[in-house]
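Position in the sequence shown (from 1) plus 5 gives the number in this note's numbering.
Cβ coordinates follow ideal geometry from the N, Cα and C atoms, glycine included.
Note that this is a predicted model, so its numbers are computed, not measured.
Here is the structure we will look at.
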Amino acid sequence: MKIIIAPDSFKESMSADMAAQAIKAGFQAVFPEAHYLCLPIADGGEGTVDALLSAMGGEYVELEVSGPLGESVMASYGLLNQGQIAVIEMASASGLMLVAPEKRNPMLTSSYGTGQLIKDALIKGVSQIILGIGGSATVDGGVGMLQALGAIIYDDKQQELGLGGAMLNQIASIDVTNLDSRLKNCTIDVACDVDNPLVGEHGAAAIFGPQKGATPEMVALLDQGLSQWADVIAQLTGKDYRDLSGSGAAGGIAIAAAVFLNAKLSSGIDIVMQAVNFEQEVASADLVITGEGSMDGQTAGGKAPLGIAKAAAKHQVPVIALSGVLGKGVEVLHQEGIDAFFSILPRLAPLEKVLTEGAMNLQQAAYNVAKVLQLGQQMAKITS
């Protein structure tokens with residue numbers, strides 16, 4: 006029996022790899038002869054580097070870069086496939102968690118550090134970059150990233166502009182003559198799981214600005230600035246990208262990546278599953294176990310377990326999901342390919358205790374599920 010174990014992380018409790026090992030331990034106690042394949046996964050957000058390195062092997066690269074507010078921070082990314090693939094999380098260099106709550110201000114924050122990570126990967130000779138853009142602190146339209154890669158941004162007086170969302174309104178032109186030439190030999194896949202346009206009531210500033218520290222006044226200025234940035238791009242390319250689906254992701258960095266880095270915007274879970282050859286592996290599997298910290302009706306909107314379930318359904322492989330919390334509307338997941346789902350919580354307890362006992366509870370829940378499956382096998386023999 007081949008069992009694929011492919012959970013996402015359980016936020017603030019355990020990484021995807023820790024979750025996979027806990028599930029494996031629970032099942033092995035019941036089915037010691039089964040073949041287990043652990044493929045910890047992620048949806049392209051925080052945890053993607055860890056998940057892919059765990060599943061595929063590789064190495065971490067640490068680098069001192071410019072943080073969201075220009076301070077020096079130690080960031081890291083992953084190198085896979087003998088150094089041919091780089092996996093970069095925007096959150097590592099330009100993440101919201103790097104900025105103290107009282108200092109969060111997207112008028113000032115920049116994606117420059119993310120560009121530095123990309124540049125370092127290019128120097129190392131990678132042929133593919135997977136860029137996860139979740140958890141960012143920025144609404145700078147990806148301009149900072151481009152500046153780190155060699156682009157020069159000018160105002161209407163041909164003065165070079167600095168960093169941060171506040172300068173968007175001043176952009177008059179961009180010079181990409183010195184944009185890193187190695188980009189031409191590298192494919193870039195951006196893990197983008199939102200379809201927000203760049204500007205407007207559903208755009209980058211309006212939807213994501215407030216959670217990054219923007220006041221209503223800042224939101225209005227940032228939206229105007231992103232519109233100005235879209236005008237400059239249109240003048241250069243002859244195409245208006247402001248309504249491109251997903252262009253508003255991560256403060257608009259998606260539009261800069263798509264236009265200037267020739268990046269492809271794709272579902273994060275699809276990118277990760279392709280990287281670990283999930284479709285090929287699931288074709289010969291008998292069971293898939295997935296899960297994450299919380300599952301509800303919104304999980305059907307593109308989260309990792311749903312991507313796993315859809316891929317497994319193509320090959321008629323049953324899927325069981327384990328979750329810390331089962332929320333409102335979770336029943337809809339039956340229609341999306343998850344055959345059964347279970348909460349791992351054995352009792353009511355304070356959140357802190359639930360988080361610290363997560364791995365233990367997950368292992369016990371996996372054991373219980375395995376015992377039920379074993380009982381089903383025994384009953385099938387009796388009734389046959």
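Query raised in the report: If you follow the beta strand (DSSP E) that ASP194 is part of, which residue opens it and which one closes it?
Result: Taking the sequence shown and counting its residues from 1, the one referred to as residue 194 is at position 189. Its beta strand (DSSP E) spans residues 192 to 196.
Query raised in the report: Any idea what DSSP makes of GLY49, helix, strand or coil?
Result: Within the sequence shown, the letter at position 44 stands for residue 49. Reduced to three states, the DSSP call for GLY49 is coil.
Query raised in the report: Can you tell which of PRO111, ALA255, ASP301 and VAL92 has its C-alpha closest to the C-alpha of LEU122?
Result: Taking the first residue of the sequence shown as position 1, residue 122 is located at position 117. Out of PRO111, ALA255, ASP301 and VAL92, VAL92 has the C-alpha closest to the C-alpha of LEU122.
Query raised in the report: Hey, how far is the Cα of ILE343 from the Cα of ALA326?
Result: Numbered from 1 along the sequence shown, position 338 holds the residue referred to as residue 343. Numbered from 1 along the sequence shown, position 321 holds the residue referred to as residue 326. Looking at the two C-alpha atoms, the distance is approximately 7 angstroms.
Query raised in the report: Does DSSP classify ILE10 as helix, strand or coil?
Result: On the sequence shown, position 5 is the one that residue 10 refers to. Strand.
Query raised in the report: Since VAL324 sits in a beta bridge, which residues does DSSP pair it with?
Result: Counting from one through the sequence shown, the residue named residue 324 turns up at place 319. Paired residues: VAL293.
Query raised in the report: Does any C-beta atom of chain D lie closer than 8 angstroms to the C-beta of GLY147?
Result: Although the question refers to chain D, the structure presented lacks it and comprises just one protein chain.
Query raised in the report: Cβ of ILE349 within 8 angstroms of Cβ of GLY329?
Result: Working through the sequence shown from its first residue, we reach residue 349 at position 344. Working through the sequence shown from its first residue, we reach residue 329 at position 324. Yes, the pair counts as a contact, with Cβ atoms nearer than the cut-off.
Query raised in the report: Would DSSP call ALA153 helix, strand or coil?
Result: To locate residue 153, count along the sequence shown from 1; it is residue 148. Helix.
Query raised in the report: Apart from the five residues just before and just after ALA316, which ones in its own chain have a Cβ nearer than 8 angstroms to its Cβ?
Result: Here residue 316 is taken as the residue at index 311 of the sequence shown, counted from 1. Once the five neighbours on either side are set aside, the close Cβ partners of ALA316 are MET278, PHE283, GLU284 and VAL287.
Report task. For the alpha helix (DSSP H) containing SER99, list its first residue and its last residue. Result -> As a first step, residue 99 must be located in the sequence shown, where it is residue number 94. 95 to 99 is the extent of the alpha helix (DSSP H) around SER99.
Report task. State the start and end residues of the unbroken alpha helix (DSSP H) segment that holds ILE135. Result -> Position 130 of the sequence shown, counted from the start, is the residue given in the question as residue 135. Note, ILE135: premise wrong, no alpha helix (DSSP H); beta strand (DSSP E) at 133 to 137.
Query raised in the report: Going by the CB atoms, is the gap between VAL144 and PRO111 shorter than 8 angstroms?
Result: In the sequence shown, counting from the first residue as 1, residue 111 sits at position 106. In the sequence shown, counting from the first residue as 1, residue 144 sits at position 139. Yes, Cβ-Cβ distance for PRO111 and VAL144 is below 8 angstroms.
Report task. Could you say which of LEU226, ALA142 and GLN164 lies nearest to ALA255 if we only look at CA atoms? Result -> By 1-based counting over the sequence shown, the position of residue 255 is 250. Considering only alpha carbons, the answer is ALA142.
Query - ILE179 - containing beta strand (DSSP E), residue span - result: The sequence position of residue 179 within the sequence shown is 174, counting from 1. Counting along the chain, the beta strand (DSSP E) containing ILE179 begins and ends at 178 to 180.
Query raised in the report: Around the C-beta of ASN190, are 16 or more other C-beta atoms found within 10 angstroms, so that it is buried, or is it exposed?
Result: Indexing the sequence shown from 1 puts residue 190 at position 185. Under this definition ASN190 is an exposed residue.
Query - Inter-residue spacing [alpha-carbon to alpha-carbon] between ASN267 and GLY243 - result: For the purposes of this step, residue 267 is identified with residue 262 of the sequence shown, where counting begins at 1. For the purposes of this step, residue 243 is identified with residue 238 of the sequence shown, where counting begins at 1. Each residue's Cα considered, the two are about 15 angstroms apart.
Requested in this report: Please state whether DSSP places ILE343 in a helix, a strand or coil.
Outcome: One-based indexing of the sequence shown puts residue 343 at position 338. Note: ILE343 maps to coil in three-state DSSP.
Query raised in the report: Going straight from the alpha carbon of ARG187 to that of LYS129, what length do you get?
Result: Locating residue 187 in the sequence shown gives position 182, where the first residue counts as 1. Locating residue 129 in the sequence shown gives position 124, where the first residue counts as 1. Answer to the nearest angstrom: the Cα atoms are 10 angstroms apart.
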